[in-house]
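Trainee:
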């Protein structure tokens with residue numbers, strides 16, 4: 013199995029992986045934006061590098077190993093070659109260490125070591141004036157290292173501009189390569205990825221996120237949680253075996269009634285167990301990076317919110333605040349309001365009254381968007397309930413245009429036949445491939461979503477940012493006239509055509525600092 017470079021738009025502090033590179037400098041200066049990584053480790057930061065380029069901090073059970081990297085350079089024009097030696101040493105040493113780490117110590121049993129880096133040097137590291145060359149060189153270096161060391165590397169960019177630039181850099185790097193050579197998927201999967209990418213670009217996708225997405229973050233399944241809580245409730249071994257034969261909703265009811273009545277309610281116990289996992293999975297990151305405005309989940313955790321960014325998404329029903337239009341509908345409640353979580357049979361019976369308005373919103377989405385189900389088993393009751401909402405919303409008007417897609421790990425021709433009127437079932441593995449290897453099959457889904465993200469992102473977000481000039485050379489003839497428009501609209505008042513043009517130019521990477529520089533220079537159109 014060859015290694016792969018994954019690219020997401022997210023937060024390096026919170027990504028689930030085996031090891032993460034924390035950028036610093038010769039004096040071990042750590043920027044506040046990395047507080048999430050350095051918290052709990054500050055006392056372990058050494059006084060000297062001792063000739064090394066990277067230094068690991070202490071291990072923590074089921075948490076990423078943090079490695080400090082000396083990437084500090086003077087000025088703003090450092091190129092990727094200045095940072096490559098640090099990245100190479102990190103990948104080589106961290107990969108070697110992960111391969112000798114017991115599986116029980118890892119967050120999840122990923123098939124290959126999983127490392128994470130940011131766009132090294134793009135902040136205060138010395139390369140922020142050369143972000144285009146830096147990003148292109150980083151993509152090339154990381155791709156080569158992933159293959160050489162058989163390791164999966166996640167490049168975590170921050171913001172739409174950096175993410176679009178990284179994907180465009182990958183496109184330039186792979187311009188003479190077939191997609192299947194980079195993403196080892198069947199031809200039908202590549203075609204499906206292309207179709208989903210087109211829907212994503214048109215903002216037509218609504219994501220339905222199931223428990224399988226959180227598995228890669230080490231979150232236990234609901235079935236597994238109930239088994240553990242049954243032990244806590246002192247069920248005998250025979251009772252636990254009998255309990256497994258019951259519907260999960262009834263299992264929850266029985267466990268709740270058997271647990272000691274202490275200050276920790278059943279729902280709080282469940283919420284506390286789920287909250288033990290604080291890092292979002294790669295799959296969360298890949299889904300959050302897609303240009304999709306709406307998502308629906310039956311999960312209780314807050315990991316998708318972490319992947320998107322808490323300030324960038326409105327979570328319904330608890331937080332109907334205004335964002336840029338991005339919504340997450342949590343149909344079964346959330347760990348931060350555990351009393352409202354839907355767990356037992358009684359909870360499910362109350363659900364139409366408790367979340368009736370929310371279900372109406374879901375039905376409205378189903379009428380207008382194309383559905384993609386990820387992380388659901390076709391036999392899940394949650395999945396069946398969601399499909400019933402689909403049928404209720406669409407009635408007999410289901411067309412090929414309105415059909416949903418469910419991404420499954422394996423093919424089940426009987427399940428496919430069962431849902432053929434409602435869904436296109438897309439199995440990621442065929443035959444006995446990855447038999448009894450769920451992590452390996454899940455990685456195929458991650459590769460598929462990485463391809464969708466690669467195909468769905470246009471280069472517009474960074475086009476007018478001067479720091480990315482090395483990535484825009486092929487269309488450089490557009491830069492000058494667009495830059496002139498930036499100048500012409502710099503003083504445009506609100507609610508004018510110039511104001512609308514300026515908003516469009518900012519989407520192309522013409523930032524507020526650029527406009528302010530123009531104003532400070534006293535520009536007047538000729």
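Numbering (our numbering), first residue to last: 13 to 538.
Glycine included, each C-beta is placed from N, C-alpha and C at the ideal position.
For residue 161, collect the residues of the same chain with a Cβ closer than 7 Å to its Cβ; drop the 5 residues on either side in sequence, then sort them by chain order.
Mentor: Excluding residues within five positions, the ones whose Cβ falls inside 7 Å are 15, 103, 104, 107.
Trainee: What is the rounded straight-line gap between the Cα of residue 304 and the Cα of residue 22?
Mentor: When rounded, the distance between both Cα atoms is 15 Å.
Trainee: My guess is that residue 498 and residue 483 are in contact by the Cβ rule of under 8 Å, so how many angstroms apart are they, rounded?
Mentor: Actually they do not touch by this definition, with Cβ atoms about 18 Å apart.
Trainee: Can you have a look at residue 133 and say buried or exposed, based on whether 16 or more other CB atoms are within 10 angstroms of its CB?
Mentor: Classification of residue 133: buried, given that the 10 Å Cβ count is 16 or more.
Trainee: Taking the C-alpha atoms as reference points, what is the distance between residue 43 and residue 58?
Mentor: Approximately 16 Å, taken between the alpha carbons.
Trainee: CA-CA distance, residue 448 and residue 287?
Mentor: Going by the C-alpha atoms only, they are around 28 Å apart.
Trainee: Answer yes or no: do residue 20 and residue 175 have a C-beta to C-beta separation smaller than 9 Å?
Mentor: Cβ distance < 9 Å, so residue 20 and residue 175 count as in contact.
Trainee: Please identify the residue among 399, 361, 199, 129 whose C-alpha is closest to the C-alpha of residue 442.
Mentor: Closest by alpha carbon: 199.
Trainee: Assuming residue 28 and residue 228 are in contact, meaning their beta carbons sit under 8 Å apart, how far apart are those beta carbons, in whole angstroms?
Mentor: Correct: roughly 7 Å between the Cβ atoms.
Trainee: Specify the secondary structure class of residue 79 as computed by DSSP and reduced to three states.
Mentor: If DSSP states are grouped into helix, strand and coil, residue 79 belongs with the strands.
Trainee: DSSP has residue 326 in a bridge; who is on the other side?
Mentor: Paired residue(s): 339.
Trainee: Residues bridged to residue 436 by DSSP?
Mentor: Answer is 417.
Trainee: So, is residue 50 buried or exposed, given that buried needs 16 or more other C-beta atoms within 10 angstroms?
Mentor: So residue 50 counts as buried.
Trainee: Specify the secondary structure class of residue 516 as computed by DSSP and reduced to three states.
Mentor: Reduced to three states, the DSSP call for residue 516 is helix.
Trainee: If we count the other Cβ atoms within 10 Å of its Cβ and call it buried at 16 or more, is residue 214 buried or exposed?
Mentor: With fewer than 16 Cβ atoms within 10 Å of its Cβ, residue 214 is classed as exposed.
Trainee: Using C-beta distances below 6 Å, list every residue in its chain close to residue 435, excluding the 5 sequence neighbours before and after it, in chain order.
Mentor: Closer than 6 Å at Cβ, skipping near neighbours: 416, 418.
Trainee: Go ahead and pull the three-state DSSP assignment for residue 160.
Mentor: It is helical.
Trainee: Got a sec? Which residues, its chain only, sit under 8 Å from residue 529 by beta carbon, not counting five neighbours each side?
Mentor: Confidence at residue 529 is low in this model, with a pLDDT of 43, below 50, so its placement is unreliable and the value that follows should be read with caution. None.
Trainee: At what residues does the alpha helix (DSSP H) containing residue 194 begin and finish?
Mentor: Note, residue 194: alpha helix (DSSP H), 191-194.
Trainee: Do the stretch 110-126 and the stretch 150-166 touch if we need at least three Cβ pairs shorter than 8 Å?
Mentor: In short, these stretches touch, since the Cβ pair count reaches three.
Trainee: Cβ of residue 190 within 9 Å of Cβ of residue 135?
Mentor: It is not a contact, given that the beta carbons lie outside the stated cut-off.
Trainee: Kindly list the residues whose CB is nearer than 8 Å to the CB of residue 172, restricted to its own chain and excluding five residues on each side of it in sequence; keep chain order.
Mentor: Taken in chain order, the residues that qualify are 21, 473.
Trainee: Heavy atom of the ligand SAM less than 8 Å from the Cβ of residue 114, yes or no?
Mentor: Among the components of this structure there are no ligands whatsoever, and the ligand SAM is therefore not found.
Trainee: Quick one: what's got a C-beta closer than 6 Å to residue 158's C-beta in the same chain, skipping five residues either side?
Mentor: 15, 16, 17, 165.
Trainee: Look up residue 21 in the DSSP assignment and give the residues it is bridged to.
Mentor: Per DSSP, 169.
Trainee: Excluding the 5 residues flanking residue 455 on each side, which residues of the same chain have their C-beta closer than 6 Å to its C-beta?
Mentor: Around residue 455: 123.
Trainee: To the nearest angstrom, how far is the alpha carbon of residue 82 from that of residue 150?
Mentor: Whole-angstrom Cα-Cα distance: 16 Å.
Trainee: Bridge partners for residue 383 per DSSP, in chain order?
Mentor: Residue 383 is bridged to 218.
Trainee: Tell me the start and end of each unbroken beta strand (DSSP E) in the stretch 84-159 that is at least 3 residues and wholly inside, in chain order.
Mentor: Runs found: 126-129.
Trainee: In three-state terms, what does DSSP make of residue 503?
Mentor: Coil.
Trainee: For the beta strand (DSSP E) holding residue 307, just list the boundary residues, first then last.
Mentor: Note, residue 307: beta strand (DSSP E), 306-309.
Trainee: Who pairs with residue 36 in a beta bridge, going by DSSP?
Mentor: Answer is 82, bridged to residue 36.
Trainee: Using a Cβ-Cβ distance under 9 Å, would residue 363 count as near chain D?
Mentor: This model lacks chain D altogether; it includes just one protein chain.
Trainee: Could you give the distance in angstroms between the alpha-carbon of residue 532 and the alpha-carbon of residue 54?
Mentor: Low confidence applies here, because residue 532 scores a pLDDT of 44, under 50, leaving its location unreliable and the question unanswered by this model.
Trainee: Pick out whichever of 390, 92, 298, 400 has its Cα sitting closest to the Cα of residue 439.
Mentor: For the residues 390, 92, 298, 400, the minimum Cα distance to residue 439 belongs to 390.
Trainee: Should residue 450 be labelled buried (16 or more other beta-carbon atoms within 10 Å of its own) or exposed?
Mentor: Classification for residue 450: exposed.
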